[in-house]
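Enquirer: Chains G and E, in that order, give the protein sequences. Take 46 as the starting number for the first sequence in the working numbering and just add one per residue. Take 46 as the starting number for the second sequence in the working numbering and just add one per residue. First the structure, then my questions, so here it is.
Number of protein chains: 2
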Amino acid sequence: MTRRRSFEFHLDGHSGVPVYRQIIDQVMAGIAAGALTSGDQMPTVRQVAVDLSINPNTVMRAYRELEIRGVLDTQQGTGTFIAPQQVRQDEVERRQRLNQLIDEFVARAGSGGFTVDELLEQLHDRATGSQTKRR
Amino acid sequence: MTRRRSFEFHLDGHSGVPVYRQIIDQVMAGIAAGALTSGDQMPTVRQVAVDLSINPNTVMRAYRELEIRGVLDTQQGTGTFIAPQQVRQDEVERRQRLNQLIDEFVARAGSGGFTVDELLEQLHDRATGSQTKRR
DNA sequence: TATAGTGTACTAGTTTTCTAATACAATCAA
DNA sequence: TTGATTGTATTAGAAAACTAGTACACTATA
Numbered sequence: 046m047t048r049r050r051s052f053e054f055h056l057d058g059h060s061g062v063p064v065y066r067q068i069i070d071q072v073m074a075g076i077a078a079g080a081l082t083s084g085d086q087m088p089t090v091r092q093v094a095v096d097l098s099i100n101p102n103t104v105m106r107a108y109r110e111l112e113i114r115g116v117l118d119t120q121q122g123t124g125t126f127i128a129p130q131q132v133r134q135d136e137v138e139r140r141q142r143l144n145q146l147i148d149e150f151v152a153r154a155g156s157g158g159f160t161v162d163e164l165l166e167q168l169h170d171r172a173t174g175s176q177t178k179r180r
Numbered sequence: 046m047t048r049r050r051s052f053e054f055h056l057d058g059h060s061g062v063p064v065y066r067q068i069i070d071q072v073m074a075g076i077a078a079g080a081l082t083s084g085d086q087m088p089t090v091r092q093v094a095v096d097l098s099i100n101p102n103t104v105m106r107a108y109r110e111l112e113i114r115g116v117l118d119t120q121q122g123t124g125t126f127i128a129p130q131q132v133r134q135d136e137v138e139r140r141q142r143l144n145q146l147i148d149e150f151v152a153r154a155g156s157g158g159f160t161v162d163e164l165l166e167q168l169h170d171r172a173t174g175s176q177t178k179r180r
C-alpha cells in the first residue's frame with residue numbers, strides 16, 4: 046500500500062488570513078515549488094478537516110476555488126488531484142492572463158517606489174537561483 | 046488662481062470592487078502612469094464625495110489607507126497631496142517588500158502555468174516598451 | 001449488495017467589510 | 001473674529017465573507 050506521503054497544511058491562526066485562503070496559498074506555493082505536480086492526490090477534504098480541526102466545507106471551498114482556476118481536479122467519491130497542467134489554454138488567452146498579472150504587479154510595485162528594472166533584476170536572481178534548488 | 050486641473054475618479058458600479066478600493070487603485074495607477082507626482086494636490090474629500098455621489102468617509106478611507114502606505118500626505122484643513130517619493134525607506138525593508146511582492150507574483154503566475162522565464166521575457170518587453178511612452 | 005471512503009448541498013450564525021449620517025476640528029483668508 | 005474650506009471622529013446599519021452543523025450523493029472494492 047506504500048501510500049504516497051501526502052501534502053500537509055499548516056494554519057497560522059494569528060495572521061488574520063482566512064483559513065480557506067491559507068489552504069489555497071499553500072497549494073499554489075506547493076505547485077510553484079514543485080512539491081505538488083500533475084496527478085498528485087491531495088489530502089482528502091475530510092482528512093484536512095480533521096488535521097486542522099476545521100469544517101469540511103472550509104476545505105471544500107478552497108479546493109473548489111482551485112478547481113475553478115484549473116489548478117485542481119476533483120472527482121466525487123474518488124478524491125482531489127492536481128490538474129494536468131493547465132498550459133492547454135489558448136495561447137492568446139494565455140498572453141492576456143499573463144499581461145493582466147504583470148499589469149497588476151507593475152502597478153503595485155510602481156506605487157511602492159520600485160522601478161521595472163529593479164523587478165527585472167530581482168526576478169532574474171530568482172530564476173537563476175531556482176535552477177540549483179537550494180533549501 | 047489658475048487652479049491646477051485636478052485628478053478625476055471614475056466608478057464602475059458593476060465591477061463588484063468596493064468604491065474605496067477603486068479610488069485607491071486609481072491613485073496608484075495615476076502615480077505609476079506619471080499623471081500624479083509628488084506635491085500634486087488631490088481633489089478634496091468633499092469634492093470627490095460630491096462628484097461620485099458617495100459619502101466623504103468613503104473617500105477618506107481610501108485616502109487614509111494611501112497615507113498609511115506613504116503614498117499620500119494629508120493635512121487637516123489644507124488638503125491631501127501626493128507624498129514626496131517614498132523611496133526613502135530603509136534599504137533592507139525595501140528589499141523585503143520587493144521580495145514579498147515577487148513571491149506573491151511568482152506563486153500566482155506559477156500556479157497559472159507560467160514559468161519564471163516567461164515572466165522575465167514579458168516584463169523585459171514592458172521595460173523597454175515603457176521607455177518610449179507609447180499610448 | 002454492502003460498506004467505507006470520497007466530495008457536495010443546504011442552512012445558519014458570527015464576524016468583518018463597506019458605506020452612510022451626522023457632527024466635530026483644524027486651517028486659511030478676509 | 002468670522003466664515004468658508006479642508007480633513008476627522010463617532011455611530012450605525014446593510015451586505016458580504018467566513019466557517020460550522022448536518023445530511024446527502026457518488027465511487028470503489030469486497
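In this text, a Cβ means the ideal position worked out from N, Cα and C, and glycines have one as well. Bear in mind that the values here come from a model prediction, so they are computed numbers and not experimental data.
Pull the bridge partners of G/Ile127 from the DSSP assignment, please.
Expert: G/Leu117
Enquirer: Counting only beta-carbon atoms, is E/His169 nearer than 9 Å to chain G?
Expert: yes
Enquirer: In terms of alpha-carbon separation, which member of G/Gly79, G/Met105, G/Arg142 and G/Gly84 lies closest to G/Arg91?
Expert: Taking only the C-alpha atoms, the option nearest G/Arg91 is G/Met105.
Enquirer: Residues in its own chain within less than 8 Å of E/Ala94 by CB, not counting five upstream and five downstream?
Expert: Asn100, Pro101, Thr103 and Val104
Enquirer: Should E/Gly79 and E/Ile127 be called a contact, given that it needs their Cβ atoms to be closer than 9 Å?
Expert: Cβ atoms of E/Gly79 and E/Ile127: not closer than 9 Å.
Enquirer: According to DSSP, what are the bridge partners of G/Gln86?
Expert: G/Phe126
Enquirer: So G/Val64 is in the alpha helix (DSSP H); what residue range does that whole segment cover?
Expert: Val64 to Ala78
Enquirer: Excluding sequence positions up to five away, which residues of its chain have a Cβ less than 8 Å from the Cβ of E/Gly124?
Expert: Within the same chain, E/Gly124 has close Cβ partners Gln86, Met87 and Thr89.
Enquirer: Check the Cβ of G/Arg153 against every Cβ in chain E and list those closer than 8 Å, keeping chain order.
Expert: Met73 and Leu146
Enquirer: Would you check if the distance between the CB atom of E/Leu164 and the CB atom of E/Ala152 is smaller than 9 Å?
Expert: no
Enquirer: If the cut is a Cβ gap below 9 Å, which residues of chain E does G/Ala77 touch?
Expert: Under a criterion of Cβ atoms nearer than 9 Å, the residues of chain E adjacent to G/Ala77 are, in order, Val151, Ala152, Arg153, Ala154, Gly155 and Ser156.
Enquirer: Straight-line CA distance for E/Asp162 to G/Glu138?
Expert: 18 Å
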